[in-house]
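Heads up: the sequence lines are chains D and L, in that order.
Numbering (the numbering used here) for the first sequence: 47 to 168.
Numbering (the numbering used here) for the second sequence: 47 to 168.
Single-structure report; data block below.
Protein chains: 2
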Amino acid sequence: MRRLLIVNHMVECYVRRMNALDSTFAALSHEARRAILARLADGETRLSDLAGPFAMSQTAVSKHVRVLSDAGLVTVEQRGRSRYCRLNAAPMKDASEWLSDYEAFWGQQFDNLARYLADNGD
Amino acid sequence: MRRLLIVNHMVECYVRRMNALDSTFAALSHEARRAILARLADGETRLSDLAGPFAMSQTAVSKHVRVLSDAGLVTVEQRGRSRYCRLNAAPMKDASEWLSDYEAFWGQQFDNLARYLADNGD
DNA sequence: TTGATAGTGAACCATCTGGTTGACTAATGC
DNA sequence: GCATTAGTCAACCAGATGGTTCACTATCAA
């Protein structure tokens with residue numbers, strides 16, 4: 047049993063890592079999903095409790111959780127009739143490291159406009 | 047002329063900021079667009095030179111650049127018959143700051159599996 | 001002037017996304 | 001046993017995405 051769980055987990059990780067950054071960034075690109083992650087940062091939460099604050103059906107929230115789960119950002123565990131969702135921030139680390147490669151360019155945010163104006167202004 | 051450019055820039059920024067993180071993360075969620083950004087980190091590049099290494103039409107690359115441009119990650123400037131693309135990493139800073147809120151959780155990547163196995167294993 | 005180059009726009013296509021509703025399964029509590 | 005609660009699944013929908021091809025405009029160079 048334990049071995050099967052580990053193998054399943056490894057297979058899922060392998061498939062996901064093929065384009066892990068794709069699915070991580072895609073999962074983060076929706077306001078509702080970022081809100082779900084923020085909520086889970088406070089601790090494990092049942093799916094139905096997650097759905098509460100949102101103006102959408104529980105089915106829709108369930109789909110969002112599925113997207114987060116496929117991206118490895120959330121783990122879901124069935125206990126009784128409830129599904130408990132837990133934050134798994136590991137994929138965020140890779141995303142953050144990818145972004146940090148561009149840190150040197152963050153200070154230049156107005157350079158492009160300034161240069162364009164210098165060339166074309168008035 | 048200068049004033050018009052600045053107003054246009056402000057309007058574009060305002061509209062974009064409405065869901066800036068959405069469009070930033072969405073723009074970053076495609077391998078080809080991340081490759082384009084990596085290329086632009088080496089300096090300004092013509093659109094046709096960007097298209098070279100990709101196994102897709104120039105039209106498709108043009109569409110990717112449009113997505114990056116709409117997200118404010120790239121500025122495009124027409125000079126002669128060429129379009130010069132330049133990296134604008136400013137939106138990445140916001141994305142990175144959002145991610146850094148979860149930095150405290152990055153160390154827990156195997157906790158969930160371990161806990162699950164402890165509860166259900168064998 | 002003529003031809004090559006850079007790039008967009010329009011039309012089309014398949015697939016994905018984000019949402020709905022309604023029927024269904026499974027666990028819980030009385 | 002029976003009603004309630006938690007949640008998924010299937011079907012459906014509108015719109016976005018990612019790609020193509022073809023026609024077109026505009027610039028450059030001989």
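Using N, Cα and C, we set each Cβ at its ideal position, and we do this for glycine too.
Bear in mind the structure is a predicted one, so any value in this text is a computation, not a measurement.
Original post:
Distance, Cα to Cα, Leu93(L) vs Ser115(L)?
Top reply: About 12 angstroms.
Subject >> Minimum C-alpha distance to Glu149(D) - residue among Glu149(L), Gly153(L) and Leu133(L) >> reply: Ranking the options by Cα distance to Glu149(D), first place goes to Leu133(L).
Original post:
Helix, strand or coil: how does DSSP classify Leu119(D) here?
Top reply: Reduced to three states, the DSSP call for Leu119(D) is coil.
**OP:** Can you tell me which of the three DSSP states Ser103(L) falls into?
**Re:** Here Ser103(L) carries a coil assignment [DSSP, helix/strand/coil].
**OP:** Answer with yes or no whether the minimum CB distance from Ser108(D) to chain L is below 8 angstroms.
**Re:** Closer than 8 angstroms: no.
Subject >> 7 angstroms Cβ cut-off: residues of chain L touching Leu74(D) >> reply: Among the residues of chain L, those whose CB is under 7 angstroms from the CB of Leu74(D) are Phe71, following chain order.
Original post:
Does DSSP put Ser75(L) in a helix, in a strand, or in coil?
Top reply: Secondary structure at Ser75(L): coil, using DSSP grouped into helix, strand and coil.
**OP:** Name, please, each residue of chain D whose Cβ falls closer than 8 angstroms to the Cβ of Leu114(L).
**Re:** In chain order: nothing, as chain D lies at least about 13 angstroms away.
**OP:** Measure from the alpha carbon of Glu123(L) to the alpha carbon of each residue in Ala81(L), Asn65(L), Thr70(L) and Thr91(L), then state which is nearest.
**Re:** Of the candidates Ala81(L), Asn65(L), Thr70(L) and Thr91(L), the one whose C-alpha sits nearest the C-alpha of Glu123(L) is Thr91(L).
Original post:
Taking the continuous beta strand (DSSP E) assigned at Tyr130(D), which residues delimit it?
Top reply: For Tyr130(D), the uninterrupted beta strand (DSSP E) segment begins and ends at Ser128 to Leu133.
Subject >> Assigned exposure category for Ala101(D) - 16 Cβ within 10 Å defines buried >> reply: Exposed, since its Cβ has fewer than 16 Cβ neighbours within 10 Å.
Original post:
Which residue's Cα is closest to the Cα of Ala72(D): Pro137(D), Thr105(D) and Asp88(D)?
Top reply: The residue among Pro137(D), Thr105(D) and Asp88(D) with its C-alpha nearest the C-alpha of Ala72(D) is Pro137(D).
**OP:** Drop a sphere of 10 angstroms on the beta-carbon of Gly153(D), count the other beta-carbons inside from all chains shown, and report buried for 16 or more, exposed for fewer.
**Re:** Classification for Gly153(D): exposed.
**OP:** Pick helix, strand or coil for Asp165(D), following the three-state DSSP scheme.
**Re:** In this prediction, Asp165(D) has a pLDDT of 49, which is less than 50 and means its spatial position is unreliable; nothing more can be read from the coordinates.
Subject >> At least 3 beta-carbon pairs within less than 8 angstroms: the stretch 79-87 of chain D vs the stretch 75-83 of chain L >> reply: Not touching, per the Cβ criterion.
Original post:
With 16 as the cutoff for other CB atoms within 10 Å, does Gly98(L) come out buried or exposed?
Top reply: Label assigned to Gly98(L): exposed.
Original post:
Is Ser142(L) buried or exposed, if buried means 16 or more other CB atoms sit within 10 Å of its CB?
Top reply: Within 10 angstroms of the beta-carbon of Ser142(L) lie 16 or more other beta-carbons, which makes it buried.
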